[in-house]
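This report concerns only the one structure given below.
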Ligand code: CO
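Residue numbers (this note's numbering): 138 to 279.
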């Protein structure tokens with residue numbers, strides 16, 4: 138089906154972050170502080186009905202906490218189904234429009250046909266978890 142050359146066209150950059158769905162960011166932050174992690178950037182992402190907080194270990198590897206802020210956020214259904222657990226992994230891309238076009242050519246099932254606004258002014262899009270078993274975020278940093 139999908140040849141390696143088609144998938145190479147996604148041109149994934151480095152792993153940007155791993156995200157965990159949580160019911161309450163402050164409670165989660167206390168737990169993660171036991172590991173020596175501290176909350177850095179924190180932001181409401183309105184159109185997704187979530188608040189996110191980024192925990193930084195060494196300035197490179199980042200853990201994102203994703204918390205629903207409205208009852209119709211998709212994170213509410215995820216938490217009910219799976220509990221507080223791994224929600225997605227995120228790879229950086231230089232050109233998210235080109236990455237999505239490549240994903241469509243490779244017939245990967247997408248959640249987002251067009252990029253949406255992410256945290257820190259980024260543009261993001263999600264690839265459906267049926268592709269790898271894990272929800273994948275693509276992120277073009279601001
Ligand atoms: Co994310």
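Idealized CB from N, CA, C, for every residue including glycine.
Member of the options whose CA lies at the smallest distance from the CA of residue i
{"i": "residue 230", "options": "273, 172, 159, 164", "result": "273"}
{"i": "residue 159", "options": "191, 153, 148", "result": "191"}
{"i": "residue 179", "options": "170, 171, 172, 166", "result": "166"}
{"i": "residue 233", "options": "152, 276, 256, 208", "result": "276"}
{"i": "residue 267", "options": "171, 241, 246", "result": "246"}
CB of residue i within 8 Å of CB of residue j, strictly
{"i": "residue 264", "j": "residue 248", "result": "yes"}
{"i": "residue 262", "j": "residue 278", "result": "no"}
{"i": "residue 147", "j": "residue 239", "result": "yes"}
{"i": "residue 223", "j": "residue 271", "result": "yes"}
{"i": "residue 173", "j": "residue 193", "result": "no"}
{"i": "residue 153", "j": "residue 215", "result": "no"}
7 Å CB neighbourhood of residue i in its chain, flanking five on each side removed
{"i": "residue 163", "result": "none"}
{"i": "residue 221", "result": "157, 158, 159, 160"}
{"i": "residue 255", "result": "182, 261, 276"}
Cβ-based neighbour list, residue i, same chain, cut-off 6 Å, excluding 5 preceding and 5 following
{"i": "residue 260", "result": "233, 252, 277"}
{"i": "residue 258", "result": "279"}
{"i": "residue 213", "result": "205"}
{"i": "residue 237", "result": "262"}
Cutoff 8 Å; reference residue i; Cβ partners in own chain excluding five residues on either side
{"i": "residue 235", "result": "146, 148"}
{"i": "residue 184", "result": "253, 254"}
{"i": "residue 151", "result": "228, 229"}
{"i": "residue 170", "result": "none"}
* To do: May I have all residues whose beta carbon comes closer than 6 Å to any heavy atom of the ligand CO, sorted in chain order?
  => 154, 156, 201, 225, 227, 274
* Using 8 Å as the threshold, is the region 198 to 208 in touch with the region 181 to 188, meaning 3 or more CB pairs across them? -> yes
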